[in-house]
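Residue numbers (the numbering used here), protein chains in the order written: chain S, 603 to 759; chain P, 3 to 793.
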């Protein structure tokens, strides 16, 4: 049984005809071919599937797509503009914030959300803000540095 | 030596980094092939026994599915690692939980779940063995029901995959020396130390897509597996056995890999063979992606280990002799256990000068899923024991832990416990002095002691000093015989051809740095080919801290050879600008059509290694390190946390400071997890907490400040003086942390992981101390495992 769901993904209105309980993660990856959003655990622990839903940071593996009906979704594909890296992406790239890269899309969206709500985060706020996104490679230190640098750059604008 | 504007030693952005931050990097689950089916595995629900019958639910139309049994395997039913004991699919006998029995494929992934549930398997169960001790007891008691392996399968003894006996010198003289050392020692210190299984927990689970090509008669003539993997040529080797095909008909392609840490060293041979068998059966490409629960329950983990030390020491703190016993739980099949055991054996005596040492080591069979490679590969286990034991010796002798170590460090010109002469500069004393200074060790030691007297939060500081051998053990690199090639692309840019894989650690980046440095062209101009065994030569597996040093050196040599060819064949001047290089390259291509240089590994000097006696040059070279952990133990909650970490290492030339720091910090985070958080809960051989919800790895909120320091002593073995770095940072954190906890609360814990409930139970005397503990709060409890005899 399928139903029509409308979502605005990265600024583009999308209509998909899918089972209402299909995970938002699978709709993004399979129906909209936005494979930048990753699955790491399927139970909301790792944050690899994190996206912004109406500007809130959510794990898309836990959201039945019907719940996103009429909502705005921002995925990693919507962060850069016309091939130009967002300052957060550039800072992750330059500061070693991405190693294997599988957690990176979710981590960048979590950073996006953190800097929206805390433009000038302390280290503790960064640690808390990213605590829902697991990274097995970096030990997080390069990520913290990337986030701090991105915050500084946003202030400089 | 390298100058200021050198590319090696700078930190350019990682080669594939842009795709990773944009989310456009294509991991295996992001890919599909037209007409592709999806595969899954039907696994055993018991640990040990025989399959009696398999029932297929009648309400499912099984004609819609491809079903693979062991009888469908065209070649041998074996996943080849070092031996062929490991079946590709269980054929009657079950030796561990989650053992693969059947494979299913269907066009729709969603159909698979119900299909697996629709298969019921009846078993005749046999008693399982789940600890090293039970495995040993079965042998001692000749309990035939509990002998999993007779021994002949592995060239060893019953229930044992491999044994090593290592002496620091000639066996007889060493034994006599040991007897004398224990005779004359002022102190004899014994201890038992245990480390548990650890899940690699790469965030991208294992996954592959396989294709199978058949001739007109339906015979398989070629297979191709692409996916998440460390060692494409290992997968090729496995496919040749399972399909009975020559190597050139088996192809493996590594796709972007979301973390590995050893967990994708041997396992892709299993999932790759399975997917290829399904592709053979259904006539379609088949994708197999494990979900997290399956990946955690069914794939390899770090070997649990028990290490026993008996040490003779003089009253001035000189180490006189050591008897060390290392035992690994290998799981149900040998897989890589013999080589993990080898590294555990060689690292067991630590970075110390031993007049006499004997190490006995063995890998025992149990009915756990096979344990496998994980960063450090045996060394974190045996070094945990050595470094905890050093603190115990220090306490017995009455020396500060750093002073005891200082009096016994290996130095340039010494011989290691395998008899290897240390010809390159080694200065552990300097590393120790600097690490203590960087971490404000003495100041903190004094401050914590004072503060602890009036606070429920007890703070402490501890050290670990250690080394890690870079490259394959002994003559391993000689055997690997790695090949590296560099070719010119049509536009004159060089492309590196290696089977060495990128999975986050920076292979692509550093190898391109090496080529750019050697060719005197910008880093951006060098590319590296996707590891596809049909295109790249076998530069060896991406393991053993060997890529930067061994493969890097080969890239340096291949680059130099390319340059030489252009100097002779295209008049490239002896000192050139990048434009001159590309001009000469295009000129050469116009004249000759193509240019590809190829180099093969050659040891710097003949390797003196005796595999039987385990004696000689164990590794080309070693990285050396001193780590300092600061902890806080909260006596209200009994939780211990790391509050600061200082890591000083000598890894030769640091090729890329940002990547190198990232490697060290990431390894320390895994080490902190190993020590304090990550516990595999087992029941009858099955991992019960096979979820990220209840297997706890450190989050961003759990980690302290990590201060990374390097000492750079260039080594002749690696490009520009580099040595191996990847595994080293996994070795030091756990013992440093447990040493710090002992400093904080005066209680010695010798088993990891150490969870709050373990601290609670010990401090409250809630349970009897576990066997192998040493000092207890209650001196009456000091028993047979603490015979610190004043000889």
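Virtual Cβ for every residue (Gly too), placed ideally from N, Cα, C.
Treat the numbers as computed from the prediction; the structure is a model and nothing was measured.
#1: Please report the Cβ distance between residue 124 of chain P and residue 28 of chain P, rounded to the nearest whole angstrom; I am assuming they are in contact, meaning their Cβ atoms lie under 8 Å.
#2: Got a sec: is the Cβ-Cβ distance from residue 771 of chain P to anything in chain S below 8 Å?
#3: Starting from the beta carbon of residue 288 of chain P, find every residue of chain S whose beta carbon is closer than 7 Å, and list them in chain order.
#4: Does the beta carbon of residue 738 of chain P come closer than 8 Å to any beta carbon on chain S?
#5: Nearest-angstrom Cα distance between residue 14 of chain P and residue 696 of chain S?
#6: On a Cα-Cα basis, can you pick out the residue from P:547, P:475, P:245, P:629 that is closest to residue 440 of chain P?
#7: Please compile the residues from chain P whose C-beta is within a distance smaller than 9 Å of the C-beta of residue 638 of chain S.
#8: Would residue 696 of chain P be called buried (16 or more neighbouring beta carbons within 10 Å of its own) or exposed?
#9: For the beta strand (DSSP E) that residue 292 of chain P lies in, which residues bound it at each end?
#10: Per DSSP, what kind of secondary structure is residue 308 of chain P in: helix, strand or coil?
#11: Use the C-beta contact count for residue 457 of chain P: other C-beta atoms within 10 angstroms, 16 or more gives buried, fewer gives exposed.
#12: Is residue 73 of chain P helix, strand or coil by DSSP?
#13: Given a cut-off of 8 Å, decide if residue 661 of chain P and residue 783 of chain S are closer than it, judged by their beta-carbon atoms.
#14: Determine the direct distance from the alpha carbon of residue 745 of chain S to that of residue 299 of chain P, and round the result to whole angstroms.
#15: Using DSSP with H/G/I as helix, E/B as strand and the rest coil, what is residue 694 of chain P?
#16: Give the list of continuous alpha helix (DSSP H) stretches no shorter than 4 residues that lie fully inside the region 186-268 of chain P.
#17: For residue 480 of chain P, which residues of its own chain have a beta-carbon under 7 Å away from its beta-carbon, when the five flanking residues on both sides are left out?
#18: Consider the Cβ of residue 562 of chain P: report whether some Cβ of chain S lies at a distance smaller than 8 Å.
#19: Which chain P residues are close to residue 710 of chain S, counting only those with a beta carbon under 9 Å from its beta carbon?
#20: Taking any Cβ of chain S, which residues in the region 650-665 of chain P have a Cβ under 8 Å from it, in chain order?
#21: Taking DSSP as the reference, what is the three-state secondary structure of residue 725 of chain P?
#22: Roughly how many whole angstroms lie between the Cα atoms of residue 463 of chain P and residue 447 of chain P?
#23: Distance, Cα to Cα, residue 268 of chain P vs residue 231 of chain P?
#24: Does DSSP put residue 733 of chain S in a helix, in a strand, or in coil?
#25: Please classify residue 511 of chain P: does DSSP put it in a helix, a strand, or coil?
#26: Taking only beta carbons into account, state which residues of the region 644-670 of chain S come closer than 8 Å to chain P, listed in chain order.
#27: Pull up the distance between the alpha-carbon of residue 771 of chain P and that of residue 686 of chain P, whole angstroms please.
#28: Use the C-beta contact count for residue 635 of chain S: other C-beta atoms within 10 angstroms, 16 or more gives buried, fewer gives exposed.
#29: Residues in its own chain within less than 8 Å of residue 682 of chain P by CB, not counting five upstream and five downstream?
#30: Tell whether a beta-carbon distance below 8 Å holds between residue 50 of chain P and residue 128 of chain P.
#31: Show which residues of chain S have a CB atom less than 7 Å away from the CB atom of residue 528 of chain P.
#32: Taking any Cβ of chain S, which residues in the region 495-520 of chain P have a Cβ under 8 Å from it, in chain order?
#33: Quickly, what does DSSP pair residue 359 of chain P with across the bridge? List them, please.
#34: Whole angstroms are fine: how far does the CA of residue 607 of chain P sit from the CA of residue 522 of chain P?
#35: Does any residue of chain S bring its CB to less than 8 Å from the CB of residue 699 of chain P?
Let's see:
#1: Incorrect: roughly 43 Å between the Cβ atoms, too far for contact.
#2: Low confidence applies to residue 771 of chain P: its pLDDT is 47, below 50, so where it sits in the model is not reliable, and the reading given next is rough at best. Not an interface residue.
#3: Here the premise fails: no neighbours, minimum Cβ distance about 17 Å.
#4: no
#5: 8 Å
#6: P:629
#7: 24, 25, 26, 27, 32
#8: exposed
#9: Taken as a continuous stretch (DSSP letters only), residue 292 of chain P belongs to no beta strand (DSSP E), as it is neither H nor E.
#10: strand
#11: exposed
#12: helix
#13: No answer is possible for residue 783 of chain S: it lies beyond the span of chain S, which begins at 603 and ends at 759.
#14: 30 Å
#15: coil
#16: 234-245
#17: 605, 609
#18: no
#19: 23, 25
#20: 660, 661, 663, 664
#21: coil
#22: 6 Å
#23: 9 Å
#24: coil
#25: helix
#26: 644, 645, 647, 648, 650
#27: Any answer about residue 771 of chain P is weak, because its pLDDT of 47 lies below 50 and its placement is not dependable; what the coordinates show is given next. Roughly 23 Å between the two C-alpha positions.
#28: exposed
#29: 198, 199, 200, 201, 303, 689, 691, 697
#30: yes
#31: What residue 528 of chain P touches in chain S: nothing, since even the nearest Cβ is about 18 Å away.
#32: 505, 506, 507, 508
#33: P:324
#34: 28 Å
#35: yes
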